[in-house]
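Residues in the sequence shown are numbered consecutively from 1, following UniProt numbering.
Yeah, the Cβ is synthetic: ideal placement off N, Cα and C, and Gly gets one too.
Report on the following structure.
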Amino acid sequence: MKYHHSPTRLVQRVALALSLTTLPSLSLAQGLPQLENPSRGTGGGIMETIRNYGYDIVLLVALLVVASMFIGVCYHAYGTYAEIHNGKKTWGQFGLTVAVGAVLLVIGIWLLTEATGIL
């Protein structure tokens, strides 16, 4: 049993192999959004662009820190509110919890704003 390979058959196989490798990458790239530039701009070189992306990442982490602080204050205030109904705490303690939590949030936001200004 001998196999005879014709040049046209080889060209067809190469074309099929190339199309099978390139078509998925073309179809996957359609509809994807373009990468946005950092908030400070792209800069003059790759290092400055990376630094600007780093600044955006630090801002995002600062936002997550403030959001977690807010959730913590709300959780503690809710716990204090629940203990009022059990008779363990008073409304004055609840008001103090909310006031101290609000002050801590303001201080936290101010400190993170100052810290991102250094970058």
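Classify residue i as helix, strand or coil using the three-state DSSP reduction.
i     : result
ARG51 : helix
GLN12 : helix
PRO33 : coil
SER39 : coil
GLY45 : coil
GLY72 : helix
GLY87 : coil
For the alpha helix (DSSP H) holding residue i, just list the boundary residues, first then last.
i      : result
LEU111 : 91-118
Excluding the five sequence neighbours on either side, which residues of its own chain have a C-beta within less than 6 Å of the C-beta of residue i, listed in chain order?
i      : result
VAL98  : ALA77
THR49  : THR42 and GLY43
TRP110 : none
Considering only residues of the same chain and omitting the five flanking positions on each side of residue i, which have a CB-CB separation below 8 Å?
i      : result
LEU105 : VAL66, MET69, PHE70 and VAL73
Could you tell me whether any non-hydrogen atom of the ligand NAD is closer than 6 Å to the CB of residue i?
i     : result
TYR53 : Among the ligands in the structure shown, none appear at all, so the ligand NAD cannot be discussed.
How close, in whole Å, do the beta carbons of residue i and residue j come, if the pair is a contact with beta carbons under 8 Å?
i      : j     : result
THR22  : LEU59 : Not a contact, Cβ separation roughly 39 Å.
PRO38  : ASP56 : 5 Å
THR113 : GLN93 : Wrong, their Cβ atoms sit about 30 Å apart, outside the cutoff.
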